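Q: If you're matching them up, the sequences are chains A and B in order.
Using our numbering, you'd call the opening residue of the first sequence number 3 and step up by one each time.
Using our numbering, you'd call the opening residue of the second sequence number 3 and step up by one each time.
The beta-carbon is built from N, C-alpha and C at its ideal position, and this holds for glycine as well.
Small disclaimer: the values here were computed from a predicted structure and weren't measured.
There are 2 protein chains.
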Amino acid sequence: MKLKDWKRTEAVYERMFHPRRIVIVGVSTEGVGFGSGIYMSLRTIGFAGEIFLVNPKGGSFLGADMYKKVEDIPGDIDFAIIAVTARDVPDALEACRKKGAAGAEIMSAGFKESGQPEGIALEKQVREIAGRGIRVIGPNCFGIYCPESGLTFMPAPDLSRKSGPVAFISQSGGMALDYAHEGKSTGVRFSKVVSFGNGADLRETELLRYFGNDPQTRVINMYIEGIENGDEFFAVLKEVSRQKPVVIYKGGLSAAGSRAVTSHTASMGGSRVIWPSILKQVNAVQVGDMPEMIQASLAFSLLPQRVYKNMSVIGGGGALGVAAADMAESSGMEMPQFPHAIADRMMAILPKPGSSAGNPVDVANPFVPPKTIGEVLRIGAEDKRIDFQVLISLLSHFKSMSLATGKPVKEITPYQELAKYTDEAIKETGKPVIVVLPNPRRSLEFMDVVELMELARNAFLGRGIPVFDDLRLALRALEHVNAYYGGRNDE
Amino acid sequence: MKLKDWKRTEAVYERMFHPRRIVIVGVSTEGVGFGSGIYMSLRTIGFAGEIFLVNPKGGSFLGADMYKKVEDIPGDIDFAIIAVTARDVPDALEACRKKGAAGAEIMSAGFKESGQPEGIALEKQVREIAGRGIRVIGPNCFGIYCPESGLTFMPAPDLSRKSGPVAFISQSGGMALDYAHEGKSTGVRFSKVVSFGNGADLRETELLRYFGNDPQTRVINMYIEGIENGDEFFAVLKEVSRQKPVVIYKGGLSAAGSRAVTSHTASMGGSRVIWPSILKQVNAVQVGDMPEMIQASLAFSLLPQRVYKNMSVIGGGGALGVAAADMAESSGMEMPQFPHAIADRMMAILPKPGSSAGNPVDVANPFVPPKTIGEVLRIGAEDKRIDFQVLISLLSHFKSMSLATGKPVKEITPYQELAKYTDEAIKETGKPVIVVLPNPRRSLEFMDVVELMELARNAFLGRGIPVFDDLRLALRALEHVNAYYGGRNDE
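1) To the nearest whole angstrom, what separates the beta carbons of residue 485 of chain B and residue 363 of chain B, a pair I think is in contact under 8 Å?
2) In angstroms, rounded to a whole number, what distance separates the CA positions of residue 318 of chain A and residue 128 of chain A?
3) What residues from chain B crowd round residue 263 of chain A, counting only those whose CB sits closer than 7 Å?
4) Compile a chain-ordered list of the residues in the segment 425–453 of chain B whose CB is closer than 7 Å to at least one CB of chain D.
5) Applying the 10 Å Cβ sphere with the 16-neighbour rule, what's the burial state of residue 276 of chain B?
6) Return the residues of the segment 453–481 of chain A that lie within a Cβ-Cβ distance of less than 8 Å from chain B, sorted by chain order.
7) How do the segment 370–383 of chain B and the segment 322–330 of chain B stand: do at least 3 beta-carbon pairs fall below 8 Å, yes or no?
8) What is the residue span of the alpha helix (DSSP H) that residue 409 of chain B lies within?
9) Check each residue of the segment 183–206 of chain B: if its Cβ is closer than 7 Å to any Cβ of chain A, include it; give the result in chain order.
10) Short of 9 Å Cβ to Cβ, which residues in the segment 151–164 of chain A face chain B?
11) Counting only the same chain and skipping the five closest in sequence on each side, list residues whose C-beta sits under 8 Å from that of residue 477 of chain A.
12) Quick one: what's residue 251 of chain B bridged to in DSSP?
13) Less than 8 Å between the C-beta atoms of residue 452 of chain A and residue 395 of chain A, yes or no?
14) Based on Cα-Cα distance, which residue from A/67, A/65, A/106, A/36 lies nearest to residue 20 of chain A?
15) Are residue 204 of chain A and residue 198 of chain A close, meaning C-beta to C-beta below 8 Å?
16) Using the Cβ count rule (16 or more neighbours within 10 Å means buried), how would you classify residue 208 of chain A?
17) What residue range does the alpha helix (DSSP H) around residue 175 of chain A cover?
18) Residues of the segment 326–340 of chain B with a CB closer than 9 Å to any CB of chain A: list them in chain order, please.
19) Would you identify the three-state DSSP class for residue 295 of chain A, choosing helix, strand or coil?
20) May I have a chain-ordered list of the alpha helix (DSSP H) segments no shorter than 4 residues that lie completely inside the segment 318–401 of chain A?
21) Go through the segment 85–128 of chain A residue by residue and report every complete run of the alpha helix (DSSP H) that reaches 4 residues or more, in order.
22) Considering just the uninterrupted stretch of the beta strand (DSSP E) at residue 40 of chain A, what are its terminal residues?
23) Which first and last residues belong to the alpha helix (DSSP H) in which residue 236 of chain B is found?
24) For residue 428 of chain B, tell me which candidate among B/301, B/131, B/483, B/391 has the shortest Cα-Cα distance.
25) Which chain A residues are close to residue 225 of chain B, counting only those with a beta carbon under 9 Å from its beta carbon?
26) Return helix, strand or coil for residue 79 of chain A, following the three-state DSSP convention.
27) Given a threshold of 16 other Cβ atoms within 10 Å of its Cβ, counted over all protein chains shown, does residue 230 of chain A qualify as buried or as exposed?
28) In its own chain, which residues sit with a C-beta less than 7 Å from the C-beta of residue 296 of chain B, not counting the 5 before and 5 after it?
29) Cβ-heavy atom distance between residue 59 of chain A and the ligand ZN below 7 Å?
30) Determine which residues of the segment 363–389 of chain B have a Cβ less than 9 Å from any Cβ of chain A, and write them out in chain order.
31) Based on DSSP bridge pairs, tell me the residues matched to residue 145 of chain A.
32) Tell me whether residue 58 of chain B is buried or exposed, calling it buried when 16 or more other Cβ atoms sit within 10 Å of its Cβ.
33) Measure the alpha-carbon distance for residue 135 of chain A versus residue 104 of chain A and round it to whole angstroms.
34) Report yes or no: do three or more beta-carbon pairs, one from the segment 65–77 of chain A and one from the segment 107–115 of chain A, lie closer than 8 Å?
35) Okay, do the segment 411–422 of chain B and the segment 452–472 of chain B touch, 3+ Cβ pairs below 8 Å being the bar?
36) Taking Cβ positions, are residue 411 of chain B and residue 361 of chain B nearer each other than 8 Å?
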């Protein structure tokens, strides 16, 4: 097999994402450096493979003996994490290559992004070594987080070990780290996250192609500052977008943003004019910031793959219903009025006065029993026009009941039942429900409500029901789903 | 004085917002009703005046004797809270009028919004009684929250007692209640909040005129579903907008939204086409949802009154700087590159490698000492072009240090120092700083970080420095400030 072909084989990626033997080069015993930090993270998260540590002075760290040189490690290694000073990186990388490593992530900074001749020359050396047969992620990156194998970032000992359908390819380490954390509470689960920084070797196009073929990945997320080869990238993007949604956040489209890109990851920016039109052409999903990416990915992950048009809204508080109706219209969706037969059956079980059931359904107060809410969802789904239902639940109001009864809010709030009855309504009717859990209370005396909202969120997410903080965000996510599946069907 | 004139006097409003003697009509001793709920809320929040309770059966509640009739209360009353069944409201209101009450809030529902002939007739009766000399807020509303006097909503025993510059006029009770709570953590402080529901008597136009003249109110917020008299409203809005910013969220601009409005507060909607153009003409500030209103009001409350054009951004993480630059441009602001003299002085005190100081300033890691951050802010302000600075602080990363050291995150995170040095930089340079505190971590094991972020938010807000969760939200708020002061100067 030619070197070029070898580099693209499944086996190489497999050894990088699921390595059995890894080396961390550059583990300082003084203070918390990248090397010692990543070692602690890997141990805490429970990485299952063998970890070898290298420090030129030898010694030991957290009970593990350190090797003075990569060469001293017995046997082969699969993957290397390099965290030495920039000028020592080429030698370390070459040693790992000779040791048989399929790949390496270089966390060290001080390369092309520094703008200095020395850094630029060092990055060229890294690229040359990579060309001789070791795949490089970085430099100036956070590398790989793979929930299945337990490879993680630094410092990130606490990321989720639950795999999911979303892959994230990020030019920024900070974005990768933050999103990996945020995935845990928002419900986005990852197949793999790769922070590739300067991208001296592996970068956007090749990673995109890999995740396009990765059976574990159903949704691809990308944070891109600059691309190396536009033609090739957009060709691959077009191909992959036919198979699965690719959600892209392109940073640096403004003048100042483009300047910031150069000092961040040494990439060339792009034009605010060209990007959106090309992305639209290839049916990629463009988002404007990370929250939008996360919310879109949650919708892509958890909702059946189709276009959503007509919705019903069940919520407490009339103004929320008004807002829902307005937002639906500006998101290109509709809220058809329920026929009397359906509205009357809802009204028969809802508290009076205060309720109304025209769509939106105003349930008058936040304490309506979950079983009734489930029944309302079941009745609403009988309207054949309805594609999906939105449940806006004002659980934070149970705080007042907690204050009145003296019982902890998480004990008296029936979020488990609400998730259960909602789930049953979804399963019986076949119509998805999107849950919105607004929480206007997070000052210090409401920390119990913040915790409650997380528990409630987990209860719904655990049943595969998407949860958003805010209806506007939910509908914006759904707009992306509609644009993608609408665009794909048009082809 | 004619009745019509009397009704508009300061003295009437004064007796409504700062009543010395109030009556709650309709205090049930069984379960938690509106009457008993509001009584408990008033006692807990520490309302300073006298409270009389009325229940046709007499008896006592929480140790307070109840009167069987309003007439039995000795002496005059200033303000009444009416929470009886709709059909008993007219008699109760008339009794309160005869008792000399300047005003009353009617919490009860079952009036015009029910769409039933009986409810419509009852609302007409309420209006007639109001015409004879008692100002009515409601029916179908939550009434008044006034931090200074301690009048509050139900259930809202825990709202802030700190007054501030923002008045909120809301047709929706739920919005009023939620915003009153959210103000507490976001830093928006209220002069008064009025939920007027169906608005049988006092409603948008008259309240707007009152707050336009209220010296305690510098910023007016309105949630409107429908207006009674368009010409009069827009004339008053134009007049008031010359004095102070009026931030308006108009609900029900869509077809379905307009339908929802009718069953919510019995108002007629309006057109999506007409509203924005009229609001722009009169230099009112239009927002699309409550978060946008809250964030705009925070900016109006805490920033010097002017147009903001050129900004600098100091943050940890290169991608955040890139995002900042992009967002600045799309918000009509600019991030001029720092001259070398300034950038070099910043670089001299920032950690290397990893930092850059072109504007955005990337401070390489979240652990740079607050004193250094303060110094960077001071140096950046020397660039004469800069109007304001944005500090993006990734305090959530201290969680890893907390895990490593075993010390509580709120003890090891220097948020107090950061607020102090930021405040000093603002005071010395005269250039405002907007703080962004993103927190991507709120899953259950990060509740300590959620608490930390609240503590940090309070530390900045306590010094009058505005804090946002997200840069996009901060800049959107600033866009409103720019539009308002830009529009006002154009006149």
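A: Considering the structure as presented:
1) With a beta-carbon spacing of about 28 Å, residue 485 of chain B and residue 363 of chain B fall beyond the 8 Å limit used to define contacts.
2) Looking at the two C-alpha atoms, the distance is approximately 59 Å.
3) Neighbours of residue 263 of chain A on chain B, chain order: 324.
4) The chain inventory of the structure shown lacks chain D, comprising the protein chains A and B.
5) In summary, residue 276 of chain B is exposed, with fewer than 16 beta-carbon neighbours lying within 10 Å of its beta-carbon over all protein chains present.
6) Listed in sequence order: 453, 456, 457, 460, 472, 474.
7) Taking 8 Å as the limit for Cβ pairs, the verdict is that the segment 322–330 of chain B does not touch the segment 370–383 of chain B.
8) It is not in any alpha helix (DSSP H) - residue 409 of chain B carries neither H nor E in the DSSP assignment.
9) Listed by position along the chain: 183, 184, 186, 187.
10) Residues of the segment 151–164 of chain A that bring their beta carbon within less than 9 Å of a beta carbon in chain B comprise 156, 157, 158, 159, 160, 162, in sequence order.
11) Close CB contacts of residue 477 of chain A within its chain, under the 8 Å cut and outside five residues either way in sequence, are with 329, 330, 333, 335 (chain order).
12) In the DSSP output, where bridge partners are listed per residue, residue 251 of chain B has B/225, B/289.
13) Contact: no.
14) Minimum Cα distance to residue 20 of chain A is reached at A/106.
15) For residue 204 of chain A and residue 198 of chain A, yes; Cβs fall inside 8 Å.
16) By the beta-carbon neighbour count (other beta carbons within 10 angstroms, threshold 16), residue 208 of chain A is buried.
17) 175–188 is the extent of the alpha helix (DSSP H) around residue 175 of chain A.
18) Taking 9 Å as the Cβ-Cβ cut-off against chain A, the residues of the segment 326–340 of chain B that qualify are 326, 327, 328, 329, 330, 331, 332, 336, 337, 338, 339.
19) In this structure, residue 295 of chain A counts as helix in the three-state DSSP scheme.
20) Runs found: 320–332, 342–351, 372–383.
21) With a minimum length of 4 residues, the continuous alpha helix (DSSP H) runs that stay inside the segment 85–128 of chain A are 91–100.
22) For residue 40 of chain A, no beta strand (DSSP E) segment is defined; the enclosing uninterrupted segment is the alpha helix (DSSP H) at 36–47.
23) Element bounds for residue 236 of chain B: 232–245.
24) Per the C-alpha coordinates, the member of B/301, B/131, B/483, B/391 positioned closest to residue 428 of chain B is B/391.
25) Correct list: 321.
26) DSSP places residue 79 of chain A in the coil class of the three-state scheme, outside both helix and strand.
27) Burial call: exposed.
28) Result list for residue 296 of chain B: 181, 184, 188, 190, in chain order.
29) In terms of ligand content, the structure shown is empty, and the ligand ZN therefore cannot be addressed.
30) Of all residues in the segment 363–389 of chain B, 364, 366 have a Cβ within less than 9 Å of some Cβ in chain A.
31) Among the bridge pairs identified by DSSP, residue 145 of chain A is matched with A/197.
32) Exposed, by the Cβ-count rule.
33) So the alpha carbons of these two residues sit roughly 8 Å apart.
34) No, the segment 65–77 of chain A is not in contact with the segment 107–115 of chain A.
35) Touching, yes.
36) Not a contact, by the Cβ cut-off of 8 Å.
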